[in-house]
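Reviewing the structure listed below.
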Amino acid sequence: MRLRGVYFAVAAGSFRRYSTYRVATAAGVFTNTVFGFILAFTFTALWSERPHLGGYDESQALTFVWMGQAMLSAAALIGGGFQEELQERIRTGDVAVDLYRPADLQLWWLAADLGRAGFHLLARGVAPVVFGAFYFELALPVSPLAWLAFLASVTLGIVTGFALRYLFALSAFWLLDGTGLNMLSTLMSMFFSGMLLPLTVFPGAFGEVARLLPWAATMQVPVDVLLGEYEGAGVLSAFAFQALWAVVLLGAGRALQSLATRKVVVQGG
Amino acid sequence: MWVRSTMAYRASFVMMAVGNFAMSALDFVAIMIMFSHVEVLGGFTLHEVALLYGTSAASLGLADLLLGSFDRIGTRVRDGTMDTILVRPVPALAQVAADRFALRRLGRIGQSVLVLGWALSGVQLAGGAWTPLLLAVTVLSGTAIFGSVFVVGGAFQFVAQDAAEVQNSFTYGGATLLQYPPTVFAKDMVRGVTFVIPLAFINWLPVLRLLGRDDPLRLPGWVDFAGPAVAAACCVLAGLAWRAGLRAYRSTGS
């Protein structure tokens, strides 16, 4: 019970930490809005050539763009978040101190990342969508139930994204310099989350595989939940897909972590 | 020194250069997927869009290689290491440019040159014998304009400290914008990047001329060749902004 309080405090502290960077947050909202506009216009051009491409009508495609921009920093789709910080602690040997703490390393960082994501979802998520809805016709649902389902799906997506990035971050135990793998991680999540283009637009078997990868759970699935692409109880299958990946990846992260702490000599004096 | 230090982690360097290549290539893959569903986008074929893509990405890649470190100024201002730069007897601009000079950025340039070559194989250009020269001038003045944006962004960080992302929306955002034909965007947006922040001179105007298309704003024809003049003006403005930024700098000092 007390330990659970610790993780909550970590999450709250992380939320507060990010909320102090006000100028950075404003800059982020500006950037997300600019990219939202650029993407929205290209999507408009694409969907006016091919209406109903990927199963979306034009306003749904535009909603996809703006929700993507809203979730971008919350789900850390183009990097950011805890990854570099943990790697720096591994490189300098500070991680040895973390491992001595009575709290679990993975859960500690998960709590911190959830706090960060919560702040980013509120601070950098709402404003771009408001801008987008002002200028474009979006297909946002009215039913509060749809929004609740979306929130649940976003949360699952953030946990899946964390689990993925944790695996990449732990590689620093072996490589010391994780920047190369971080780039690979960013690359995969940029492309396979649906941020550049909805995964339903990806052609043939390539598209089918892309929709089964864990990155799909971070953005494609939550936005589809919001757009009502899953009918009725189908939403549950979307949740199940995300939860399955989250559990598998968190488990893998746990295994890798115990391997790292048993086999690897920590640097430092 | 930075080149040698990145070579210390050789595996990581190779991955970063390849990653840099692949990261910019993914944008183009997304464009190709779009074109797997349509013949034209905003009235432009894939080869024509590739020409816009290649010129914009090459200019950004070169500017990023030379001046990409300017987005770290905010960090330097915050942790006080900007002071070390200012007390050395070398111009601060040159030092910031050389700071963390990252050869991996060659990945983006290589990728854009490949796309550019492929684009040129598939389009009819109207420039005749002048085409190679005009293309080279376009890429170079584009580099200068993007470079000015990097420097102005750096100067702005003396004031804002923590706003590297605003800079990204003009550099990376601008490059993304220029990869698509201007017909895709709203008139006001095109006006904005022509007259307010002159990104349109990086590639839209000269490439439209090479492709024999009218520009959507119906500007007089000579404007298409104004790239170098605009670039020079941008450099002067960026220099002034940089000096103003340096003068506004208050050390975190102790």
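Protein sequences appear in the order of chains A and B. Everything in the first sequence is counted per the working numbering, starting at 1 for the first residue and increasing by one. Everything in the second sequence is counted per the working numbering, starting at 1 for the first residue and increasing by one. Don't be surprised by glycine CBs; every beta carbon is placed ideally from N, CA and C.
Residue i CB to nearest chain B CB: under 8 Å?
i, result
"I38 of chain A", "yes"
"V34 of chain A", "yes"
"V23 of chain A", "yes"
"T42 of chain A", "yes"
"F241 of chain A", "no"
"E343 of chain A", "Absent from the structure is residue 343 of chain A, since the part of chain A shown begins at 1 and ends at 269."
"R101 of chain A", "no"
"G253 of chain A", "no"
"F15 of chain A", "no"
"R262 of chain A", "no"
"M190 of chain A", "yes"
"W147 of chain A", "no"
"L256 of chain A", "no"
"Y18 of chain A", "no"
Can you give the beta carbon distance from residue i to residue j, rounded, assuming they're within the 8 Å contact cut?
i, j, result
"L140 of chain A", "A149 of chain A", "That pair is no contact at about 13 Å."
"I33 of chain B", "P51 of chain A", "Going by Cβ atoms, the distance from I33 of chain B to P51 of chain A rounds to 17 Å, so no, they are not a contact pair."
"P198 of chain A", "L249 of chain A", "About 23 Å separates the two Cβ atoms, so there is no contact after all."
"Q83 of chain A", "R4 of chain A", "At roughly 25 Å, the Cβ-Cβ gap does not stay under 8 Å, so Q83 of chain A and R4 of chain A are not in contact."
"S169 of chain B", "A231 of chain B", "About 21 Å separates the two Cβ atoms, so there is no contact after all."
"D162 of chain B", "V154 of chain A", "About 26 Å; that fails the 8 Å criterion."
"Q242 of chain A", "A172 of chain A", "Q242 of chain A to A172 of chain A, Cβ: 27 Å. No contact."
"A152 of chain A", "S14 of chain A", "Incorrect: roughly 21 Å between the Cβ atoms, too far for contact."
"A210 of chain A", "V225 of chain A", "The pair is not a contact, with the Cβ atoms about 18 Å apart (cut-off 8 Å)."
"E49 of chain A", "V151 of chain B", "Wrong, their Cβ atoms sit about 39 Å apart, outside the cutoff."
"W49 of chain B", "P216 of chain B", "First, the amino acid is wrong: residue 49 of chain B is Val here, not Trp. The Cβ separation is near 16 Å, so there is no contact."
Quick one: is residue i near chain A, going by C-beta distance under 8 Å?
i, result
"N203 of chain B", "no"
"M82 of chain B", "no"
"S254 of chain B", "For S254 of chain B, the pLDDT reaches just 49, beneath the cut-off of 50, and the residue's location in the model is therefore unreliable, although a value from the coordinates is still provided. No, S254 of chain B lies away from the interface with chain A (no Cβ there is under 8 Å from its Cβ)."
"H37 of chain B", "yes"
"T75 of chain B", "no"
"E48 of chain B", "no"
"V123 of chain B", "no"
"T176 of chain B", "yes"
"V184 of chain B", "yes"
"R247 of chain B", "no"
"Y180 of chain B", "yes"
"S169 of chain B", "yes"
"Q161 of chain B", "yes"
"A94 of chain B", "no"
"G19 of chain B", "yes"
"L26 of chain B", "yes"
For residue i, which of the options has the nearest alpha-carbon?
i, options, result
"A123 of chain A", "A:M183, A:V248, A:M71, A:L212", "A:M71"
"V355 of chain A", "A:T160, A:L176, A:Y166", "Within the shown structure, residues of chain A are numbered from 1 to 269, placing residue 355 of chain A beyond reach of any answer."
"F128 of chain A", "A:S153, A:G118, A:Q69", "Residue identity check: residue 128 of chain A is Pro in the sequence provided, not Phe. Out of A:S153, A:G118, A:Q69, A:Q69 has the C-alpha closest to the C-alpha of P128 of chain A."
"S185 of chain A", "A:A169, A:S143, A:M195", "A:A169"
"F195 of chain B", "B:A226, B:V40, B:A155", "B:A226"
"A255 of chain A", "A:L105, A:L114, A:L196", "A:L105"
"L121 of chain A", "A:M67, A:A172, A:L167", "A:M67"
"F28 of chain B", "A:F192, A:R22, A:L196", "A:L196"
"L133 of chain B", "B:P206, B:V49, B:L237, B:L217", "B:P206"
"G228 of chain A", "A:L114, A:R16, A:L145, A:S189", "A:L145"
"G81 of chain A", "A:L110, A:D94, A:S59", "A:L110"
"T176 of chain B", "A:Y21, A:I38, A:S189", "A:I38"
"I197 of chain B", "B:E48, B:G80, B:S36, B:A238", "B:A238"
"A12 of chain A", "A:F119, A:G232, A:F43", "A:F119"
Near residue i, which residues of its chain fall below 6 Å by C-beta distance, leaving aside the five closest residues on each side in sequence?
i, result
"L120 of chain B", "none"
"G269 of chain A", "At G269 of chain A, the pLDDT of 44 sits below 50, so the modelled position is not reliable; the number obtained from the coordinates is stated separately. Excluding residues within five positions, none has a Cβ falling inside 6 Å."
"A17 of chain B", "R104, G107"
"I158 of chain A", "A75, A117"
"A103 of chain A", "V6"
"V184 of chain B", "G42"
"M82 of chain B", "R76"
"A40 of chain A", "L62, V65, F136"
"V149 of chain B", "F170, T171"
In chain order, what residues of the same chain have a beta carbon less than 8 Å from the beta carbon of residue i, not counting five sequence neighbours either side?
i, result
"G19 of chain B", "R104, G107"
"F21 of chain B", "G107, R108, G110, Q111"
"S24 of chain B", "A57, G61, G107, R108, Q111, S112"
"L175 of chain A", "L181"
Can you list, in chain order, the residues of its chain whose CB lies under 7 Å from that of residue i, leaving out five sequence neighbours each side?
i, result
"F146 of chain B", "S59, L60, A63, T171, I202"
"L178 of chain B", "L52, S56, L199, I202, N203, W204"
"A97 of chain B", "L66, L67, S69"
"L252 of chain A", "Note on residue identity: the sequence assigns Ala, not Leu, to residue 252 of chain A. If we look at A252 of chain A and ignore the five residues flanking it on each side, its Cβ neighbours are L167."
"L107 of chain A", "Y7"
"G28 of chain A", "S73, R124"
Residue i versus chain D: which residues are under 7 Å apart at the beta carbon?
i, result
"G28 of chain A", "The chain labelled as chain D is not found among the protein chains of the depicted structure, namely A and B."
Quiz item: Are at least three pairs of beta-carbons, each pair with one atom in the region 91 to 102 of chain A and one in the region 29 to 38 of chain A, less than 8 Å apart?
Solution: no
Quiz item: Between the region 149 to 162 of chain B and the region 184 to 192 of chain B, do three or more beta carbon pairs fall short of 8 Å?
Solution: no
Practice problem: Would you check if the region 207 to 214 of chain B and the region 123 to 130 of chain B touch, i.e. whether three or more CB-CB distances between them fall below 8 Å? | Solution: yes
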